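Here's the structure we're looking at; comments come further down.
Protein chains in written order, with this note's numbering: chain A, 1 to 331; chain B, 332 to 668.
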């Protein structure tokens, strides 16, 4: 399970916090790698879109969030869910379509949500999240909770009208919102260098009246620092920020995507662009943590994911009686 | 204590009374106040047809004007609803649903179900519909059937000031997403409305007029048209029963079926264009559930399968009127195999 830092601490990470961050990223990585394997057996229904390679973004942002805060995710949402504290076992069961899933099997991979954890859901509609986060941020502002809303969206969604409208509205209403554009280089099979007219998504920030910053998405600490500044700004009434995280995804747009459009990029990425390897290198080099501590987490995470899959496969599927429940609260 | 007020005033009063009672109720929309950033008066409009006038000053900080960004602010209303607010967002014209429909039908409508019963989204989207103002094709449609089609949405179509106030208060208190459709030609019409707060339950039709010869189900402004037709029919000795469903989702099919079982004849009056509208929906349900009671084919009186025309002569042809309803009713009465 992941730990989160209280949001108003000094911007330093003590060993416990570093371990927690590593655990979050390792859990996401192993969760996605395992889903990749299991999906290939044909047992998982529908579509899955995997976040492997992008862990530092979810972890680096979510470490600053607490119970007051809300986030909205994308179709590639497993990483954000794990980083926000959604139970990985409930997530796995949901992906397998079982009643023990986060959404009792009614939502699936693209709609995993846990409103009790401030997770407004993965979203099957590109650009669906940013307007919802304007609302969550508005609620936090009107209720005076000090909470923030974080909208994660991709380079594809950065071109969607809903996202652009939300950026404008967040500035006009001075909302405590953070917009995190996860630019992994591809919107489905189309390169973002082609589909985004500006050189950087972050260049749009000025056009919408907010600060914009670019960070290396393979560097947990870079994401952490940029997120700290943006979240502080939001909590203190300074309005929204646009953070562009640049990195890559290891797997295809969806599981089954042969990624012919990427040539041999992926193999090279796994070698040299890995946020977990970088994190380990940095914390061991500075002596903040020892390898054996990280290895221990690796083993715990492996067991957790194993258990999650075993339990998901054994769990019951929803029955016909579940088909028509929860369309409305009352009707 | 009831007194005579307009449909517009009834809606304004419902909003004011609910905002008074419950702090979590907020209002947002384009020019719901009017004047943001401008040198003149704030609350300059109070909504394009003045429906929200006065609320801005009465409830400081709770009436939010928006840029022209329906996806963003309707989506924001929906997001805020999941976080304990009860927003009443205005989609100025139902015709603008195209620019924000995803947030309504793929997000708000589906949260409860997709998230396994854990989401509560008590948002109300108020919107203007209907022809008669010569506002032409993109500002005159009756698109409530499209919202009715979507599982997870509730759709309310008030026919009078009394209905409007009670149904809007109910909508705000309801925990599901509600689309509240106000006919723009009804704003100036008046009727008896209690001063005190009251609710009208969803899924309970109103029998606006009793009669044993033909059942006329009518939606929204068409209820007035049907009542006018009923008066004309009475003078020919045909007593019509006029039913106002009040909500198209949920729909009170029981009341409609009970009436048809008694009269054996049905006319459905729906201002929406004819493919897949409430007329087809209700007719098909009655044909399936009460076939044995019918003495004649069901008649549907609707707009034609065209956009709404501009010229006043054409728009007058476009809208269902009392004469068309009378003709349809007489066709059911006079029908022989």
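C-beta: ideal position from N, C-alpha, C; glycine also. Please read these numbers as outputs of a predicted model, since none were measured by experiment.
Identify, in the order they occur along the chain, each residue of the same chain with its Cβ nearer than 8 Å to the Cβ of residue i, setting aside the five sequence neighbours on each side.
i                      : result
residue 313 of chain A : 43 and 96
residue 614 of chain B : 597, 599, 629 and 631
residue 380 of chain B : 339, 459, 515 and 518
residue 438 of chain B : 406 and 409
Would residue i and residue j be called neighbours here (beta carbons separated by less than 7 Å)?
i                      : j                      : result
residue 479 of chain B : residue 487 of chain B : no
residue 499 of chain B : residue 342 of chain B : yes
residue 154 of chain A : residue 188 of chain A : no
residue 524 of chain B : residue 336 of chain B : yes
residue 235 of chain A : residue 146 of chain A : yes
residue 141 of chain A : residue 176 of chain A : yes
residue 239 of chain A : residue 56 of chain A  : no
residue 93 of chain A  : residue 63 of chain A  : no
residue 450 of chain B : residue 115 of chain A : yes
residue 359 of chain B : residue 420 of chain B : yes
residue 634 of chain B : residue 576 of chain B : no
residue 546 of chain B : residue 590 of chain B : yes
residue 102 of chain A : residue 91 of chain A  : yes
Can a CB atom of chain B be found closer than 7 Å to the CB of residue i?
i                      : result
residue 172 of chain A : yes
residue 328 of chain A : yes
residue 297 of chain A : no
residue 240 of chain A : no
residue 62 of chain A  : no
residue 78 of chain A  : no
residue 275 of chain A : no
residue 115 of chain A : yes
residue 145 of chain A : no
residue 323 of chain A : no
residue 96 of chain A  : no
residue 104 of chain A : yes
residue 156 of chain A : no
residue 18 of chain A  : no
residue 165 of chain A : yes
Taking its Cβ as the centre, do 16 or more other Cβ atoms sit within 10 Å of residue i, making it buried, or is it exposed?
i                      : result
residue 392 of chain B : exposed
residue 666 of chain B : exposed
residue 641 of chain B : exposed
residue 566 of chain B : exposed
residue 496 of chain B : buried
residue 330 of chain A : exposed
residue 59 of chain A  : buried
residue 123 of chain A : buried
residue 249 of chain A : buried
residue 130 of chain A : buried
Closest Cβ-Cβ distance between residue i and chain A: below 7 Å?
i                      : result
residue 437 of chain B : yes
residue 502 of chain B : no
residue 433 of chain B : yes
residue 446 of chain B : yes
residue 585 of chain B : no
residue 406 of chain B : yes
residue 400 of chain B : yes
residue 506 of chain B : yes
residue 364 of chain B : no
residue 409 of chain B : yes
residue 483 of chain B : yes
residue 414 of chain B : yes
With a threshold of 6 Å on Cβ separation, who are the neighbours of residue i within its own chain once the five nearest residues in sequence on each side are excluded?
i                      : result
residue 157 of chain A : 126, 127 and 163
residue 376 of chain B : 362 and 365
residue 254 of chain A : 47 and 49
residue 453 of chain B : 412, 417 and 506
residue 25 of chain A  : 55, 59 and 276
residue 463 of chain B : 516
Taking 6 Å as the cut-off, is the CB of residue i close to at least one heavy atom of the ligand ATP?
i                      : result
residue 597 of chain B : Absent from the structure shown: the ligand ATP. Ligands present: none.
Starting from the C-beta of residue i, find all residues in its chain whose C-beta is less than 7 Å away, skip the five residues before and the five after it, and write them out in chain order.
i                      : result
residue 652 of chain B : 556
residue 401 of chain B : 422, 427, 430 and 431
residue 337 of chain A : In the structure as shown, chain A begins at 1 and stops at 331. Residue 337 of chain A is therefore absent and cannot be evaluated.
residue 270 of chain A : 250
Give, in chain order, every unbroken run of the alpha helix (DSSP H) that is at least 4 residues long and sits entirely within the stretch 223 to 291 of chain A. The DSSP assignment places 265 to 272 and 275 to 285 as complete runs of the alpha helix (DSSP H) inside the stretch 223 to 291 of chain A, in order along the chain (cut-off: 4 residues).
3-residue-minimum beta strand (DSSP E) runs that sit fully inside the stretch 492 to 569 of chain B, ordered along the chain: 509 to 514, 521 to 525, 537 to 540 and 545 to 549
Those runs of the alpha helix (DSSP H) which lie wholly inside the stretch 63 to 88 of chain A and span at least 4 residues: Entirely contained in the stretch 63 to 88 of chain A, the alpha helix (DSSP H) runs reaching 4 residues are, in chain order, 78 to 83.
If you scan the stretch 120 to 149 of chain A from start to end, which runs of the alpha helix (DSSP H) of 4 or more residues do you find wholly inside it? Within the stretch 120 to 149 of chain A, the complete alpha helix (DSSP H) segments of 4 residues or longer fall at 129 to 143, listed in chain order.
Of all the beta strand (DSSP E) runs that stay within the bounds of the stretch 425 to 503 of chain B, which reach a length of 3 or more residues? 455 to 460 and 485 to 487
Start-end ranges of the alpha helix (DSSP H) lying completely within the stretch 583 to 649 of chain B, minimum 4 residues: 584 to 594, 609 to 620 and 643 to 649
Which whole runs of the beta strand (DSSP E) in the stretch 337 to 373 of chain B are 3 residues long or more, in chain order? 356 to 360
Taking only runs of the alpha helix (DSSP H) that begin and end inside the stretch 172 to 219 of chain A, which ones reach a length of at least 4 residues, in chain order? 192 to 195 and 204 to 207
Quick one: complete alpha helix (DSSP H) runs, 4+ long, within the stretch 390 to 431 of chain B? 401 to 412, all fully within the stretch 390 to 431 of chain B.
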